[in-house]
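The structure appears right after this line, and notes come after that.
2 protein chains.
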Amino acid sequence: MEKLFVIKIGGNVLDNPAALSSFLNDFASIRERKILIHGGGKIASRLGDQLGIESKYINGRRITDAATLDLVTMVYGGLVNKQIVATLQNMNCNALGVTGADGNLIKASKRPVKDIDYGFAGDINPQGVNRELLSSMLNLGVVPVFAPLTHADGKMLNTNADTIASVLSIGLSRHFDVRLIFCFEKKGVLKDINDPGSVIHHLTKKAYQDLSANHALADGILPKLENAFAAIDAGVKEVLIGEARDLLKNTGLNTQGTLITE
Amino acid sequence: MEKLFVIKIGGNVLDNPAALSSFLNDFASIRERKILIHGGGKIASRLGDQLGIESKYINGRRITDAATLDLVTMVYGGLVNKQIVATLQNMNCNALGVTGADGNLIKASKRPVKDIDYGFAGDINPQGVNRELLSSMLNLGVVPVFAPLTHADGKMLNTNADTIASVLSIGLSRHFDVRLIFCFEKKGVLKDINDPGSVIHHLTKKAYQDLSANHALADGILPKLENAFAAIDAGVKEVLIGEARDLLKNTGLNTQGTLITE
Numbered sequence: 058m059e060k061l062f063v064i065k066i067g068g069n070v071l072d073n074p075a076a077l078s079s080f081l082n083d084f085a086s087i088r089e090r091k092i093l094i095h096g097g098g099k100i101a102s103r104l105g106d107q108l109g110i111e112s113k114y115i116n117g118r119r120i121t122d123a124a125t126l127d128l129v130t131m132v133y134g135g136l137v138n139k140q141i142v143a144t145l146q147n148m149n150c151n152a153l154g155v156t157g158a159d160g161n162l163i164k165a166s167k168r169p170v171k172d173i174d175y176g177f178a179g180d181i182n183p184q185g186v187n188r189e190l191l192s193s194m195l196n197l198g199v200v201p202v203f204a205p206l207t208h209a210d211g212k213m214l215n216t217n218a219d220t221i222a223s224v225l226s227i228g229l230s231r232h233f234d235v236r237l238i239f240c241f242e243k244k245g246v247l248k249d250i251n252d253p254g255s256v257i258h259h260l261t262k263k264a265y266q267d268l269s270a271n272h273a274l275a276d277g278i279l280p281k282l283e284n285a286f287a288a289i290d291a292g293v294k295e296v297l298i299g300e301a302r303d304l305l306k307n308t309g310l311n312t313q314g315t316l317i318t319e
Numbered sequence: 058m059e060k061l062f063v064i065k066i067g068g069n070v071l072d073n074p075a076a077l078s079s080f081l082n083d084f085a086s087i088r089e090r091k092i093l094i095h096g097g098g099k100i101a102s103r104l105g106d107q108l109g110i111e112s113k114y115i116n117g118r119r120i121t122d123a124a125t126l127d128l129v130t131m132v133y134g135g136l137v138n139k140q141i142v143a144t145l146q147n148m149n150c151n152a153l154g155v156t157g158a159d160g161n162l163i164k165a166s167k168r169p170v171k172d173i174d175y176g177f178a179g180d181i182n183p184q185g186v187n188r189e190l191l192s193s194m195l196n197l198g199v200v201p202v203f204a205p206l207t208h209a210d211g212k213m214l215n216t217n218a219d220t221i222a223s224v225l226s227i228g229l230s231r232h233f234d235v236r237l238i239f240c241f242e243k244k245g246v247l248k249d250i251n252d253p254g255s256v257i258h259h260l261t262k263k264a265y266q267d268l269s270a271n272h273a274l275a276d277g278i279l280p281k282l283e284n285a286f287a288a289i290d291a292g293v294k295e296v297l298i299g300e301a302r303d304l305l306k307n308t309g310l311n312t313q314g315t316l317i318t319e
């Protein structure tokens, strides 16, 4: 199978023009098939402040009322997405910016209201991925750049970017040999949270279970790792958690971050 | 050659939710290959007012400074485009929203500064159209929905929607049998501007030259007709000028608007 990199960049890179430009330059130079997923929450919150739209969060997730939906549709789908696309085009990377609504690439369902009404928030699963169209686009040499938005029933829906990256990776794992890369602010998963040099370079499910049983990992990294192993269990070949500036090393054999495999 | 409809909708329809929904429903039901191009100037101006970004025009064209570029990128490329795409998806039309930057579909050049500095405005021509990728997308059953934005040198550029419609039609006329449809607020080109029933149903170049020589046409329609005949001269088979609500008739044989041919 052809290799495919599914790469998520976080807000800290988007918010730093020099870091973003350097990251996109590295991304553009990857020769294999690739997909980029970006966030944009801080930029949306700043514009929301100007427009008098309050940013509300519960359990770290944004509450998306109608005004907030318009805000994130503009900022994620318009401003951030198109600036990334124009920059990549200038680097000879044939980026094409999309949301899950475009080409019905990711069909979602509006999150049901239980204790909390998250508003226009989209829940997604790998069955909602339009694998045929995405594969065709990748085979045409197009590089999809996803804004964290999906759709259902004629409405856009705000959707977590990490989840989009996972779901795309799982959905495409039958067609491609996928490495899912989460770029975050550390070099990788650390054995000792106070020692940036203590990166765990390779983590299997067995090793992870042993570390978990011994409570040897920092709480903050656990949701990321659960997410990563859920992807592995669902057919994704490799997940890598690392720093944005290490992208090119982390797409090669000599990875610097934490490589997660079965 | 396969038939292709390239359809431009104007601001008066975008600004009226009932008219827009009805128009999109008609658009979704067209069975042939199709492309939609939309504007969004009034919505951008309203959001600009909220953000303290003044809308400036010279000769009917917006001056696009850096703040205005961000504004139109958000509104055209994000808000308006994605709302149309989500609505069309709900009508079983596989819409995929794009700007000229996406997939390098329309490469532009920044308008040179002569007497007037239009700022981040894009000039385009049919050579800048990525015919191969657009044809591939159409052949995959995808329906491109264009926001009026293009790109050059890593920057988004604000671009007239009528011009995008013309340039796409010309660029694709070697691959498809194109009917370019401009939806505007009247039934068609009128013989007598005071009589809405006086639609000229068919206009050839010869007839147009005769009418022009006799000063028999209203000044307002002349730029549209020049644009239309420029498209015809460059290989577009048919141009139709008509009302949005007549879309389905105007894509058929029994056209209600003004059909322009060689």
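First to last, the protein sequences are chains F and R.
Residue numbering for the first sequence follows the working numbering, starting at 58 and increasing by one per position.
Residue numbering for the second sequence follows the working numbering, starting at 58 and increasing by one per position.
Cβ atoms here follow ideal geometry from the backbone N, Cα and C, with glycine treated the same way.
Chain F within 8 Å of residue i, Cβ atoms only
i, result
"R/D106", "no"
"R/L212", "Here the sequence assigns Lys to residue 212 of chain R, which means Leu is not the residue at that position. Yes, contact with chain F."
"R/L71", "no"
"R/D252", "no"
"R/L93", "no"
"R/A218", "no"
"R/A143", "yes"
"R/T312", "no"
"R/K139", "yes"
"R/D127", "yes"
"R/L136", "yes"
"R/V224", "no"
"R/L229", "no"
"R/L77", "no"
"R/Q146", "yes"
"R/L260", "no"
"R/V199", "yes"
Test: residue i CB closer than 8 Å to a CB of chain R
i, result
"F/H208", "yes"
"F/K294", "no"
"F/V132", "yes"
"F/D276", "no"
"F/N215", "no"
"F/V328", "This structure cannot speak to residue 328 of chain F, because chain F is shown only from 58 to 319."
First and last residue of the uninterrupted alpha helix (DSSP H) at residue i
i, result
"F/L268", "262-270"
"F/V129", "123-129"
"R/K323", "Because residue 323 of chain R is not part of the residues shown, which for chain R are 58 to 319, the question remains open."
"F/L304", "304-307"
Integer-rounded CB distance, given that residue j should sit under 8 Å from residue i
i, j, result
"R/K65", "R/D219", "6 Å"
"R/A158", "R/T207", "7 Å"
"R/V296", "R/I278", "Not quite, the Cβ-Cβ distance comes to about 13 Å (not below 8 Å), so this is no contact."
"F/G105", "F/G68", "That pair is no contact at about 14 Å."
"F/L305", "F/V63", "Actually they are not in contact, since the Cβ atoms of F/L305 and F/V63 sit about 16 Å apart, beyond 8 Å."
"R/F80", "R/V70", "5 Å"
"F/F239", "F/A264", "Their Cβ separation, rounded to whole angstroms, is 18 Å, which puts F/F239 and F/A264 out of contact at 8 Å."
"R/N187", "R/L162", "5 Å"
"F/G134", "F/K164", "The pair is not a contact, with the Cβ atoms about 16 Å apart (cut-off 8 Å)."
"F/P253", "F/K262", "The Cβ separation is near 25 Å, so there is no contact."
"F/L136", "R/D127", "6 Å"
"R/V256", "R/T315", "6 Å"
"R/V132", "F/M131", "7 Å"
"R/N151", "R/V200", "6 Å"
Endpoints, beta strand (DSSP E) assigned at residue i
i, result
"R/G68", "Counting along the chain, R/G68 falls outside any beta strand (DSSP E), though it belongs to the alpha helix (DSSP H) covering 68-71."
"R/R236", "233-241"
"F/T315", "315-317"
"R/E295", "295-300"
Of the residues that make up the region 173-194 of chain F, which ones have a beta carbon closer than 7 Å to any beta carbon in chain R?
-> L190, S193
Mind pulling the beta strand (DSSP E) runs of 3 or more residues that sit fully within the region 175-229 of chain F?
-> 200-203, 206-209, 212-215
Contained beta strand (DSSP E) runs [length at least 3] in the region 77-164 of chain F, N- to C-terminal order | 90-95, 152-155
Going along the region 150-176 of chain R in order, which residues come within less than 9 Å of chain F, judged by CB to CB distance?
-> N151, A152, L153, G154, V155, T156, A158, D159, G160, N161, L162, K164
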